[in-house]
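In my numbering, the protein residues as written are 1 to 394.
C-beta: ideal position from N, C-alpha, C; glycine also.
In this text, all values refer to a predicted model and were calculated from it rather than measured experimentally.
I have placed the structure first, in the form of structure tokens, so that the comments after it can refer back to it.
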Ligand SMILES: CC(C)(COP(=O)(O)OP(=O)(O)OC[C@H]1O[C@@H](n2cnc3c(N)ncnc32)[C@H](O)[C@@H]1OP(=O)(O)O)[C@@H](O)C(=O)NCCC(=O)NCCS
């Protein structure tokens, strides 16, 4: 059974939306009602599907957003909910669906695509590679002995939306890889799947300095777990106030749980290591447009350097070949040509681009087709930065 190409797009009508929901139901062990509600929430604009003989055989969610690299938001297409009807699996259906998605995404001008893989070979086959991490933190709530309450705290209201977005972005833009969230991801922050979230913000004279959204999940014996879909503090005072707020739950709450990078600054305020940090997942990116991706991100200020790259890309001939990357004053210029001293598959560029793997580590693992010492040294400096991470699941 071959799934023919050319049958990809948004659901044409409510019937196809329902068929997409059915694929999701069988792919993600959901109830029929949950799957339909999910498909309707995503909507026809953000769903993509693959048809075979008029039947919907595969689906995914297409999310326009950005990722912060070097202080700049680089447009990326987030991919989630990839599912293939069980009858059509093992015949390249998902590979065909992803190939269409990548062409579609590149045509919009986004230079990157980002996803969390449930299986890696499928995504590697179409050019994605590991590019960052998402960690889970669990803090023991009874250990939160913060008694200072330097800022006022109140429930978040609808009128606070813009201030909350701005507060998040102030933190996110200095965190390599964090999302410049689109509507879908914000909806998962404010209305997470785990249950009803309540939002609280802290404000000082200059406005909102921090906030969190918490779902209080009941455990056995009336105990609670605090699931934080977001936890942001832009000042020390905001962090103190939010920690003391979480500590105020200690009569019943056991742990507070949230996600982010391996370098979560909020943890350093705790007296003891009354927390655990666990890798949740490595995420992957696909470089859709080499030149645009390199020019769109920010670079370390006060450093200049030149790299002669050569890229192999089976899917996009536009990415194939030689490029010269010139970085100075935090900006990059890319032109065609050069000597191709650092040669790699487009997948290797993913891990390098975000700073997830150093050029030296990649060389050790044989990830370059060809590279010289001088290029490795230059790339080590150019692609250095905080370890790339994402807070949100999508
Ligand atoms: C994962 C899934 C989308 C693959 O669909 P598919 O049409 O069978 O995939 P393809 O035939 O294009 O296979 C591509 C590669 O993916 C990998 N792959 C496929 N199915 C897999 C599975 N069930 N588990 C692990 N890897 C798998 C294989 O490496 C395969 O390459 P190979 O055939 O050379 O071994 C499908 O099994 C599915 O819907 N699963 C449930 C939902 C899910 O896990 N989605 C992924 C979320 S990120």
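- Apart from sequence neighbours up to five positions away, the residues of its chain that approach residue 26 with a beta-carbon distance below 8 Å are 83, 85 and 86, ordered along the chain.
- Taking the CA atoms as reference points, residue 55 sits about 31 Å from residue 111.
- Sequence-distant Cβ neighbours of residue 168 in its own chain, meaning closer than 6 Å and more than five residues away, are 232.
- Any heavy atom of ligand 1 within less than 5 Å of a residue's beta carbon puts that residue on the list, which reads 27, 82, 83, 84, 89, 90, 92, 93, 94, 95, 118, 119, 121 and 122.
- The alpha-carbon of residue 340 is positioned some 40 Å away from that of residue 183.
- The Cβ atoms of residue 71 and residue 179 do not sit closer than 9 Å to each other.
- Comparing alpha-carbon positions, the option among 8, 43 and 7 lying closest to residue 21 turns out to be 43.
- The C-beta of residue 66 has 16 or more other C-beta atoms within 10 Å across all chains shown, which makes the residue buried.
- Nearest neighbour of residue 88 by Cα position, chosen from 113, 128, 319 and 51, turns out to be 51.
- By the Cβ-count criterion, residue 313 is buried, with 16 or more other Cβ atoms from all chains shown falling within 10 Å of its own Cβ.
- Short of 6 Å from the beta carbon of residue 143, and not among the five residues preceding or following it, lie these beta carbons of its own chain, in chain order: 274.
- For the 9 Å CB-CB criterion, residue 211 and residue 197 do not form a contact.
- Fewer than three pairs of CB atoms, one per stretch, sit closer than 8 Å, so the region 31 to 42 makes no contact with the region 243 to 262.
- With respect to the C-alpha of residue 217, the residue from 249, 186 and 201 having the closest C-alpha is 249.
- Beta-bridge annotation (DSSP): residue 106 is not paired with any residue.
- Between the C-alpha atoms of residue 271 and residue 352 there is a straight-line separation of about 36 Å.
- About 6 Å separates the beta carbons of residue 346 and residue 311, which is inside the 8 Å limit, making them a contact pair.
- Assignment of residue 205 by DSSP, reduced to helix, strand and coil, places it in the coil class.
- Assignment of residue 247 by DSSP, reduced to helix, strand and coil, places it in the helix class.
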